[in-house]
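**Student:**
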Amino acid sequence: MTYPAFASFHSVLQERGKKAKAETTTVNPAYDAALAKKLGADDYGMKSFVLVILKTGPNTTADAALVSECFRGHMENINRLVKEGKLVVAGPLAKNEQHYRGIFILSVDTTEEAEKLLESDPAVREKLLAADLYQWYGSAALPLYLEQADKIWKKQP
């Protein structure tokens with residue numbers, strides 16, 4: 000048994016859906032396919048990253064030499080990961096009740112890949128820092144700011 004009224008209503012809904020989709024889909028006249036491919040962008044100009052929140056780790060050693068060595072290595076590791084194109088954002092957080100110390104945004108697809116990169120950080124390896132990892136979906140263009148970052152600082156700590 001067919002229901003012509005239902006079939007007609009269904010086709011009207013389908014047409015409205017097509018029209019609404021056509022009206023809301025915007026084509027970017029500035030789209031650069033080569034750049035999007037280079038950055039790993041999807042159709043929305045986005046990609047998957049891993050957000051790392053670094054927090055105070057369980058090692059509360061009073062060994063100042065160890066702490067100094069580990070954090071020197073931590074900074075060297077940050078610089079290495081930037082050069083490799085794996086680290087796109089890094090920075091400290093202000094003192095807070097959660098004991099969060101800083102963040103990284105890593106240009107990797109999985110938290111497992113991020114964990115492997117963090118194993119190379121002496122402060123994480125020695126448990127002076129611990130890490131919480133989260134999948135994050137953001138602009139694939141995020142790494143491009145790094146090209147300008149070295150042009151705007153006067154002093155480094």
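Numbering that gives the first Met the number 0 applies: residue 0 is where the sequence shown begins, and numbers increase by one. Quick reminder that beta carbons are idealized off the backbone N, C-alpha and C, glycines included.
Please classify Gly101: does DSSP put it in a helix, a strand, or coil?
**Tutor:** strand
**Student:** Would you mind working out which of Lys94, Leu50, Gly56 and Gln97 sits nearest Leu86, comparing C-alpha positions?
**Tutor:** Leu50
**Student:** Considering only residues of the same chain and omitting the five flanking positions on each side of His73, which have a CB-CB separation below 7 Å?
**Tutor:** Cβ neighbours of His73 beyond the five flanking positions: Asp120, Pro121 and Ala122.
**Student:** By the DSSP assignment, the beta strand (DSSP E) with Val81 in it spans what residues?
**Tutor:** First-last for Val81: Ala63 to Lys82, but that is the alpha helix (DSSP H), not the beta strand (DSSP E).
**Student:** Expressed to the nearest angstrom, what Euclidean distance is found between the alpha-carbon atoms of Ala139 and Asp41?
**Tutor:** 8 Å
**Student:** Between the Cα of Gly90 and those of Thr60, Ile52, Gly84 and Val66, spot the shortest distance and give me the residue it belongs to.
**Tutor:** Ile52
**Student:** Relative to the C-alpha of Phe48, which candidate in Leu132, Glu146 and Trp152 has its C-alpha closest?
**Tutor:** Leu132
**Student:** Indicate whether Glu125 and Gly56 have their beta-carbon atoms separated by less than 9 Å.
**Tutor:** Closer than 9 Å, so yes.
**Student:** Considering only residues of the same chain and omitting the five flanking positions on each side of Trp135, which have a CB-CB separation below 6 Å?
**Tutor:** Here Trp135 has Phe48 and Leu50 as same chain residues with Cβ atoms under 6 Å from its own Cβ, once five neighbours each way along the sequence are excluded.
**Student:** Let me check understanding here. Comparing Cα to Cα, which of Ala35, Glu114 and Asn78 lies closest to Gln155?
**Tutor:** Asn78
**Student:** Taking all protein chains shown into account, do 16 or more other C-beta atoms lie within 10 angstroms of the C-beta of Gly128, making it buried, or fewer, making it exposed?
**Tutor:** Per the sequence presented here, residue 128 reads as Leu, with Gly not at that position. Result: buried.
**Student:** Determine the direct distance from the alpha carbon of Asp149 to that of Glu83, and round the result to whole angstroms.
**Tutor:** 16 Å
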